[in-house]
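Step one of this worksheet: look at the structure below.
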Amino acid sequence: MQRLLRLPFFERRPLVTVEGMEGRKITCAAGGSDAVWLGSEDGALVKLERDLRSSTTAALTTSRAQEGEGAQQAPLQAFNRSIVGLRDVPLKQCVMAVGEDSVTHGLESATCWKYKAYSLYRTDQSTGRPCLLREARILAGAPQDEDITGFDVSADLTVLAAGTSLGNVYIYRSRDLLTERTCKLRVISPASSSETPTRGGVRHVSIMQRQSHPPRGRENRGHLSNGADQPSAAAGAAQSYLFIVYDDGAVASYSIEGVDGGVTLLDVDPSCCIGDDESASSQSEMPVTGGCAPFPSMGSLLVLSSKGAVFGFDPNQGNIAAVPVNDEGSTDWQPTGLYSWRSYFVLTTRQVRRRRSSDVSDPILAGQKSEGKAAAAAAHRQGPVKCGVTVVLMYPNANVRFIAFQGVFSDFSPESGIVAVVPAFDRSLLVVGNNASTGNPCVYSLHEKAITEEVSMLQQKGLYEWAVEIATREELPVNPYLTQLYTKYGLSLLEKNQVENALRVFIKAAADLRLPIQTSTVIEAFRIRHRVPAIATFLLRLHEAEAVKKGPDGQQLRPILLYKEHTYMLMKCLCRLGDYRSLERLVELLTRKDCDIPLDVTTAIDILLTGGYPKLASHLALSWGGEGTTASAAELYVGTCLEADDGDSKRTAAIEYLKDLIDRGQDAAVISVLTSSRGIGRSLMHANAEGMMPLLETLLDRHPVIEDEKASSDLAPATETPGPDSLSTPIEASLSQLLLPTEACAGMLLRHLSKKSRSSKSNSSSLLPPLCLELCLGCGLHRKDEATRLRMTDTLFDRNLGDKAQTMAEACFQIAGLNGVIALIESSYTRPEDARAFARALFDTADPADLTPASYVEVCNAVTDGPAGKTTNKKLDEVTRKLWLQALRKLRRRAVEVPRDRTEALQAMNEIVGTLSRCCSGSPTVTSEVLDALALDPAVEEDSGTMVEMGTLKPMIRALLKGTGERCATSLDNLQQDKEELQRMRQEVESLRTTARVFNGGEGGGSPKCAECGQRMDLPAVHFMCMHSFHQLCLSSGDSSRSAEDEYTCPVCQPEATYKEGMRKEREESMRDPEALSNLYKAIGASPEDFSIVADYLGRGLFHTTTT
C-alpha cells in the first residue's frame, strides 16, 4: 500500500460522541444516504442524523430524576441480548437487524434468534420510535450452542442468509420478507471430514446481485448498505450470488436461482489460507480473515486475509486478483477490517503492541490474563490503541489505483478498535468505534471532496488519465468539464512530444465520446509540430464517426462538429501523404446516401484532381449526381492513362473504367470523354480497337431508337444546341467520328442502324450525320455481295428520307459520289418521283468533271429499274424519257479534250439512243426529240461535243418508217370501213323518214308481245323504232331510279349503240392527237388533192352533230 500514490480526496472531521449510548459498546453499524444506525452489545439501537446527533424520533424521552433534573434520551431497545449486525435496505426503506432476543416478552431466560425490520422514515406516534415493520424468528430448531456470526440480505429483501458458529448457513427465501409470513429455508452445511478439512465457523456472509450489463459510470452511484452498493429498482433483473467466508479463510460461492430455484455451488477457493502452519499450531490458532466486502463495480467479493492481502473473488472463477496490504517486511500494523463504497475499498488496521515487562510482572495480570476484568484493566492501563484507515480508489479494467485517504486514529479503545467504517449521507464515510477514555461510542467523519475538486487535483499533478477516468465514471457534465479535461490532456501529451498518445486521446474524446472539442484547436496543435499524418488520422476518424448516427441500442448519438473546411483539409493532407486507401475510404464515406457531412463537391473534386486522383474524383462526382463534373474527371483520368509510360496496361485500365461508367448509366459522360477535343476516343481506337469495339457497340445497343423530338444533325441543324452531357443528338453523330474506315466498324454501325424503328414519323424527321453516311457508304457500297449491298442500302436509308430527300441526295453525292446517289435511288424507301428528281438535280448541278459518261447511263438505268430491279423492254413514261433525253443532251454538249473521253461519251450516247429506241417502239415524237437533242446548237460557233454515228440512228429511223407504214395501212382500212358504215346508216335514216313502221307482233302477224317478259302487249306500252316493244312496267322494273319523264332506251339494242358511241368518241379524240394532225399535214403535202383529204378527215367526226 505504501507504494501507491496518495491523493487527499477526503477531509477528516473532528471526533463526535454519540449521545444516548453512554455506557454502551458499539458492536455493529450500518450507513445509508439519510441516516446511520448503530447497534450495541446489549441490543440497543440508535439512529444518527446528518448532524451526527441521535434522532429524537428514534429514542424515547424518559425522566430519570426528580423535577428539576434534565431529561436524557434513551435508545431503542431492539433486542434483549446482543445485535449481530445491521443492514440498510433503501429499496424497501427499512433497516434489517439480526440479534438474540427473548422468546416471550418479559422472560429473558429463554432466548432465540430473530430478524427485525424497522422503517427508515415512519415512526410510532405514541412512542416516537421507528415503526417495526416485520419481526420473525430464524434458526428455529438449531442447537442451543449454535450462534449467528454474520448475516446479509438482498437488496429486494427476497433472500436472507445467516452464517453460524458451526459452519452452517441458513438461507431464507420469499417474495418479500416484509410481507410474506412463510419463507423457504435452505441450509448449507460444511463438508464432512472425509471429503475436505473442517472449515470451522462462518465468519462472513455476503449476498451480491450482479447486473448482466451495468451502465458505464452508473455502477458506483448506487445506494449504500454496509459499504456495499445496492442496485436500484430500475436496474432490471439481477443474478444473486452468495459468498461464504469460513474461519479458515476459504471462500465458497453459490448461485441463487430466484425464490423457487435451486442453490448451486459455483466455486470453493482456499486462497486465503496462507498462514504459517508452524506459528498457527504453536498458537493453536487458524489463519483467519479480517473482513470482506462486495465490490459491485468489479462484480466480485473483496476478502481481507489476516496475513496482509486483499483478494478478489469472482463467483464463477474464484480468486482473480490480489493486492498486498502491508509493505514487505513490515509487521507493525495488523489488518482488522475491509469495507467497500462505490469504487472505494476501505482497509482498517491497528498497531501491533509489543508486550511490556511491567505487564508480565504484575501478579494480578499474570494470574488473571484470561479474566475479562483483568484484561480490561490491562487495556485501560495501556491506553488507546492506534488504528489506521486507508481508503483506496480502484477502477476495474482501468489503470486507476491510488490511496484517496490514509490516517491514524488514536481515540479508540484497544478492545474494539475500529468497529466499522460505513458510508453515510451520500459522500461521507463514518469511522465508528468506542472511545478509549470514556468508553462511549464515538465517530469520525471522512467527507469526500467534490468531484470537480478531485479532478482539478489530478490535473495539477499531471494525472490526466486518472482525471479523465474519474470524470467519465462520475458523469461530469460534458460542457465544460469533460471537454476541457480531454483537451488539456491531449495538449499536455503533445507538450511531452507523445504524439501517438495525444492522437489517441483526441480521437477518443471527439470520435468515441463525441465531445464538442474544438477541432481547430487540435489541428493547430498538430500543425505547429508539423504532424500532418496525425491531422489526417484525426480528421478521418471524425468523418467516420460522424457517419454513425445511432448507437448499438438505437439511441441517437450526439453530432460531431465538422465543417466543409475540415473535409478539404483532410483531402489535402491525404493527397500530400499519398494515402490512396484512406482517400478511398473518405470518398466512399462521402458518397453514402445517409451522409450529411457539409461538402462542396466541386471543390472536393478539384482537390482530388489536383492531387492526382482523377478516378476517385470521378467516383465522387458520379455519386453526387454531377454528370458534367464526372465527364471532366473521367477525361483527365483517361488522358493520363494514355500519356503514361506503361501505355498498354493503362489504356486497358482506361477502357475498363469507361465500361464501368457505362454500367452506372453515365453514357453521356463516356461520350463526352471519347469525343473531347483531346482526341481521346480516336487514340483509344488506334491503340486498342479490339477493346473499344465492344464498348462502342454497348453504347449503340443501349440507344436503339432515337427520339424524334431530340434528333438533330449537321445536315439538318436543330433549333437548340445540345449540351456536352446530353444525348439529345443521335448516338451515331457522337460516335461516327471515332470509327475507323474498316469493315468491322461499318458492320457494327449497320447492325445498329438495322435495329432502329421504321416509323413514317421518324422517316420524316431524322437524318444520319454525314460522318456516319461516309462510313457506311464508303465501306458498304463496294461490297461484292449484291444481296448484302442491297440490304445495307435498305437499312441505310430507313430513317433518312422524306422531307429531307434533296438534302440526302446532296449528302450522298458529296460523301460517296455516284455510288451513294445510285444506292439512294435504288433504296426501297425512295419514291419514284423522288428518284427522278434526284437524277435531274444531279445532272443539273453536278460538275461534268465529277461525272463520267458511263455515270449518266448508270443513273438513268437506276431510275428506270427502280427498287424492283432491271427488266427488259420496259416502257418509259414521259418523265423518265425526258431524263434519258437530258442525259443525251449533256453528253452531246460535253467538252472532249482527249480521244478517250470522246470514245466513252460516244459509247454512252449510243447506249442511251439504243435504250430509247427499244423502250419507245419507234415513236415519231421520241425520234424527233432524239434528233433535236443531237442537233447542233446555233448559238455555239465551234461545236466540240460528240456527234453520234449514223449507224446508231438507223435502227431508230427504220423502226420509225416501219411503224408509220403500218399505221397508214391501218388507217386506210379503217377509212374504207367507215365509208361503208356511213353509207348504210344514211340508207337507214332515209328509210325511217319515208317508210311507216307497223308494230303488229312481227312478220307472222298477231298481237305484239313484250320483248322483255314475252307476254301480250297491254297499255301502257313503249315501242321503239327498232321494232322492239315493251311493257312500261317491264322497262321501269329494271331501274328503280328512273322517273317517268326520263327517255327510255331499248334494252336489246343498247349494247350495240354503246359500242358505236365509244368508237365515235375514240375517233374524235384521235382527231385531236398531235400525231394525227402531223399525219394529216404530211398527207396534204404529199397529195395533189388537198380538198378531198381534208373533207374526208372532217367527215370522220371532227364536227359531230346529233341527228334527232
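Numbering of the sequence shown is given in UniProt numbering, commencing with residue 1 and proceeding in unit increments. Glycine included, C-beta positions come from ideal geometry on N, C-alpha and C.
In the DSSP assignment, Ala420 is bridged to Val432.
Met569 sits in a helix when the DSSP states are folded into three classes. When DSSP reads this structure, Glu448 sits in a beta bridge with Phe10.
8 angstroms or more divides the Cβ of Ile244 from the Cβ of Val187. One alpha carbon belongs to Leu133, the other to Leu86, and they sit about 15 angstroms apart. Under the three-state reduction of DSSP, Asp314 is assigned to strand. Distances from the CA of Ser119 to each of Glu100, Pro143, Cys112 and Leu91 were compared; the closest alpha carbon is that of Leu91. DSSP, reduced to helix, strand and coil, places Arg900 within a helical segment of the structure shown.
Note on geometry: alpha-carbon atoms of Leu883 and Phe838 lie some 11 angstroms from one another. It is roughly 52 angstroms from the alpha-carbon of Asp901 to the alpha-carbon of Arg702.
Scanning Arg664, Tyr657 and Ala321 for the CA closest to the CA of Met692 turns up Tyr657. Per DSSP, reduced to three states, the secondary structure at Asp152 is strand.
In this structure Ser189 is exposed. Its beta-carbon is surrounded by fewer than 16 other beta-carbon atoms within 10 angstroms.
Thr472: member of the alpha helix (DSSP H) spanning Tyr464 to Arg473, first to last residue. Look at the beta carbons and you see the region 31-38 touching the region 414-425: at least three pairs across the two are nearer than 8 angstroms. Between Arg81 and Gly43, the CB-CB gap stays under 8 angstroms.
Put simply, the region 472-480 does not touch the region 498-511. Fewer than three CB pairs are less than 8 angstroms apart. A residue is called buried when at least 16 other Cβ atoms come within 10 angstroms of its Cβ; Asn434 meets this threshold and is buried.
Counting C-beta atoms within 10 angstroms of its own C-beta, Gly417 has 16 or more neighbours from the protein chains shown and is therefore classed as buried. In this structure, Ile470 lies away from Glu495, with their beta-carbon atoms at least 8 angstroms apart. Under DSSP, Gln239 forms a beta bridge with Arg210.
The continuous alpha helix (DSSP H) containing Lys890 extends over residues Glu878 to Arg892.
According to the DSSP secondary-structure assignment, Asp88 is paired through a beta bridge with Val95. Ranking Gly639, Leu242 and Glu180 by CA distance to the CA of Gly163 puts Leu242 first.
Put simply, the backbone Cα of Pro130 is about 22 angstroms away from that of Cys442. Per DSSP, reduced to three states, the secondary structure at Phe425 is coil, with no helix or strand assignment. According to the DSSP secondary-structure assignment, Cys292 is paired through a beta bridge with Val303. In this structure, the straight-line span from the alpha carbon of Leu304 to that of Ala420 is close to 14 angstroms. DSSP places Pro533 inside the alpha helix (DSSP H), whose first and last residues are Val532 to Glu546. Rounded to whole angstroms, the gap between the alpha carbons of Arg3 and His619 is 59 angstroms. Per the C-alpha coordinates, the member of Leu301, Val325 and Pro1020 positioned closest to Asp314 is Leu301.
Membership of Ser174 in any alpha helix (DSSP H) is not indicated, and neither H nor E is assigned to it by DSSP. With 16 or more other CB atoms across the displayed protein chains lying within 10 angstroms of its CB, Met909 is buried.
No Cβ-Cβ contact shorter than 8 angstroms links Leu430 with Ser410. Within 10 angstroms of the beta-carbon of Tyr637 lie 16 or more other beta-carbons, which makes it buried. One Cα belongs to Val601, the other to Thr630, and the distance between them is close to 11 angstroms.
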